[in-house]
Amino acid sequence: MTGSQGPGISRRSLIGTGVGAGAALLTAGTGTAEAASGPSAPRRALSFLATAMDAYPDHGTVRLAQSYTDQAGLFSTAFTYDNALVILANLASGTADGRTRATVLGDALLYAQAHDPGYDDGRLRQAYNVGPYTFYDGSAQPDGFVRADGTANVGTQFGFTGTAVGDMAWAGIALGALAGRTGERRFLTGAVRIGEWIERTARTDEPLGGYTFGVNGADEKQPFSSTEHNTDLVGLFGRLARLTGDRVWRERRAWAKAFVERMWEPAGGFFYTGSNDGVTINRSPVPEDTQTWTRLALPSPAHARSVDWAATHLAVLDTADRPNSTVGAGQSYEGVTFSSAGLVANEDAPIASGQPKPDRNGVWFEGTAHLALALRDRRAPGDEARARGLIASVERAQDLLGAGQTLGSVAVAERSGVVSASSPLDTGFGFGYYPYRHTGATAWYLLAVARANPLRA
Numbered sequence: 003m004t005g006s007q008g009p010g011i012s013r014r015s016l017i018g019t020g021v022g023a024g025a026a027l028l029t030a031g032t033g034t035a036e037a038a039s040g041p042s043a044p045r046r047a048l049s050f051l052a053t054a055m056d057a058y059p060d061h062g063t064v065r066l067a068q069s070y071t072d073q074a075g076l077f078s079t080a081f082t083y084d085n086a087l088v089i090l091a092n093l094a095s096g097t098a099d100g101r102t103r104a105t106v107l108g109d110a111l112l113y114a115q116a117h118d119p120g121y122d123d124g125r126l127r128q129a130y131n132v133g134p135y136t137f138y139d140g141s142a143q144p145d146g147f148v149r150a151d152g153t154a155n156v157g158t159q160f161g162f163t164g165t166a167v168g169d170m171a172w173a174g175i176a177l178g179a180l181a182g183r184t185g186e187r188r189f190l191t192g193a194v195r196i197g198e199w200i201e202r203t204a205r206t207d208e209p210l211g212g213y214t215f216g217v218n219g220a221d222e223k224q225p226f227s228s229t230e231h232n233t234d235l236v237g238l239f240g241r242l243a244r245l246t247g248d249r250v251w252r253e254r255r256a257w258a259k260a261f262v263e264r265m266w267e268p269a270g271g272f273f274y275t276g277s278n279d280g281v282t283i284n285r286s287p288v289p290e291d292t293q294t295w296t297r298l299a300l301p302s303p304a305h306a307r308s309v310d311w312a313a314t315h316l317a318v319l320d321t322a323d324r325p326n327s328t329v330g331a332g333q334s335y336e337g338v339t340f341s342s343a344g345l346v347a348n349e350d351a352p353i354a355s356g357q358p359k360p361d362r363n364g365v366w367f368e369g370t371a372h373l374a375l376a377l378r379d380r381r382a383p384g385d386e387a388r389a390r391g392l393i394a395s396v397e398r399a400q401d402l403l404g405a406g407q408t409l410g411s412v413a414v415a416e417r418s419g420v421v422s423a424s425s426p427l428d429t430g431f432g433f434g435y436y437p438y439r440h441t442g443a444t445a446w447y448l449l450a451v452a453r454a455n456p457l458r459a
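All letters in the sequence shown, in the order written, are residues 3 to 459 by our numbering.
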């Protein structure tokens, strides 16, 4: 989800062969046996993803999944990034239903690519509408994902009309995973179109190299270069190199990889967020995903400390007695926050106009799942135990947080779907995360449980 367009923000804005796994995902987890307690935590998470995908049954079979529950105030918005993750999580389930659902979502991304209302160059937009609603100003949005004129229903109400390299990369990764899993050529064709759009639009010869942010809604190129985006491209271009056999993708992967490695801070053992201009490194705030995704995409022993940096320097524990915490009495959640800025957020001021005040110890569950998967991928002594503790925290959140929420005005089953944050948290990048059930956080949890690394080609 691409929000405020600046370095380090690629896909998030809120009031932001296929993936390896198997059917063991459906019974994995840290809770009691399924026979004793009902469906396992992963089964309930997959059920939430299905509910988000099926929220508007009267508005066509070509569809994407709504990203957040209605209570987030984003109505039927379906972020491209989130839907890519839902594809990957469904493939990781190892089930026939998961593969079917992943295929339907992949075809919807291809539909959006082929039926954009303004362009025919391979791009996807930040987000789409997937069901009807009445906007805050009283204007009606009557269509599903496919508008009456046959075009994809771009999310214009919130300005989600730009195209960010990170979002595109994740869509390409998901389409590539589908190509590898199904053998269907159309998915590889779509992924290649995405890669070519990125190469044409975002490659930069500024001193730091790599690829820039993408374009805004007016199709104006954005000069920022994100470590996270370029990490995503290492995953996408590596996958395309393997699937196509074309060596040009190896060169492009190397170009993105070189930018990422220039963001390394050896003294601290972490990666910086990126650059505003391609010349000067942006040194603050330092986000979580640049530490864990780099491990998933580039398993370099020289950079393995970044995982420890995230686990140590971004660690939070949210409890009911924290200022501005919204968790229930007696509850506690461990994990990580979004960035170093969240730890020093002003708890006396709203995150944004009309939004609540932040809790410095609010847990970002998507990032907590990133960290759990990175630890499992690294497999150093103690990593598995730490990962299991983080996964248990996410599963406790699925059980206890986000009750009474809806998708398309229909109640979401209790104990299904992971909220994006335990309490309101300030990312430090101009937006926040809140305790609404979220397909992206849920999908990352499932990938962590399945040990399915989406960034490894």
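C-beta: ideal position from N, C-alpha, C; glycine also.
Of all the options the options, which has the alpha carbon lying nearest to the alpha carbon of residue i?
i: A193; options: A343, G185, A181, T203; result: A181
i: R458; options: V236, R65, A57; result: V236
i: G164; options: S141, S422, D379, P119; result: P119
i: A220; options: Y121, F77, P303, S141; result: Y121
i: K259; options: H305, G247, E222, A269; result: H305
i: A389; options: N278, L377, E397, W257; result: L377
i: M55; options: D84, G40, G75; result: D84
i: R127; options: T233, L112, A166, H440; result: A166
i: A104; options: S141, R65, Y58, W257; result: R65
i: R187; options: I353, A405, W257, T246; result: T246
i: W366; options: A150, T191, A399; result: A399
i: G212; options: G332, T191, R264; result: R264
i: L427; options: F226, R195, A413, V346; result: V346
i: E222; options: T203, Q333, V262, T233; result: T203
Which same chain residues end up closer than 6 Å to residue i when comparing Cβ atoms and leaving out the 5 residues on each side of it in sequence?
i: P287; result: S341, S342, A343, G430
i: L316; result: E290, V338, T339
i: F77; result: Y135
i: G100; result: N92
i: S395; result: Y335, E336, G337
i: P268; result: none
i: H440; result: Y70, S422
i: R252; result: A243
Applying the 10 Å Cβ sphere with the 16-neighbour rule, what's the burial state of residue i?
i: Y274; result: buried
i: I11; result: Note that I11 scores 35 on pLDDT, short of 50, meaning its location in the model is unreliable; the coordinates nonetheless yield the value given after this. So I11 ends up on the buried side.
i: L177; result: buried
i: R249; result: exposed
i: R285; result: exposed
i: G419; result: buried
i: L448; result: buried
i: E230; result: buried
i: P44; result: buried
i: S355; result: exposed
i: F137; result: exposed
i: G276; result: buried
i: T479; result: Beyond the ends of the chain as shown, which are 3 and 459, falls residue 479; an answer cannot be given.
i: P456; result: buried
i: S411; result: exposed
i: G18; result: Any reading at G18 must be qualified, since the residue scores a pLDDT of 33, below 50, and its modelled position is unreliable; no value is offered.
In chain order, what residues of the same chain have a beta carbon less than 8 Å from the beta carbon of residue i, not counting five sequence neighbours either side?
i: E349; result: P325, N326, K359, P360, D361, R362
i: Q73; result: Q407, T408, Y438
i: E198; result: G124
i: D145; result: H61, N131, P134, N155
i: P2; result: Past the edges of the chain, shown from 3 to 459, lies residue 2, and the structure says nothing about it.
i: G161; result: G219
i: H117; result: V148, G152, T153, A154
i: A25; result: Bear in mind that a pLDDT of 44 at A25, under 50, signals an unreliable position, so the model cannot answer this.
i: G330; result: A322, L402
i: R380; result: R297, P301, A306, V309
Tell me, please, which residues DSSP counts as bridged to residue i.
i: D60; result: Bridge partners of D60: none, in fact.
i: E336; result: L319
i: H440; result: Y70
i: T53; result: Partner(s): none; T53 has no beta bridge.
i: G216; result: A166, Q224
i: Q143; result: Y135
i: T79; result: N131
i: G434; result: D428
i: P352; result: Bridge partners of P352: none, in fact.
i: W266; result: F273
i: I283; result: S277
Can you name, in chain order, every residue of its own chain whose Cβ lies under 7 Å from the Cβ of residue i, other than the five neighbours on each side?
i: R254; result: E201, F239
i: Q224; result: Q7, T214, F215, G216, V217, N218
i: A129; result: M3, T79, A80, F81, T82, G157, F162
i: G108; result: I89, A176, L177, L180, F189
i: T294; result: V309, A312, H372, L373, A376
From the beta carbon of residue i, is the nearest beta carbon of chain B less than 8 Å away?
i: A389; result: Protein chain content of the structure displayed is limited to a single chain, and chain B is not contained in it.
### Message
When you compare the segment 283-303 with the segment 241-257, are there three or more beta-carbon pairs, one atom per stretch, that lie closer than 8 Å?
### Response
Verdict: no, contact absent.
### Query
Touch check for the segment 82-94 and the segment 439-454: three-plus C-beta pairs under 8 Å?
They touch, by the three-pair rule.
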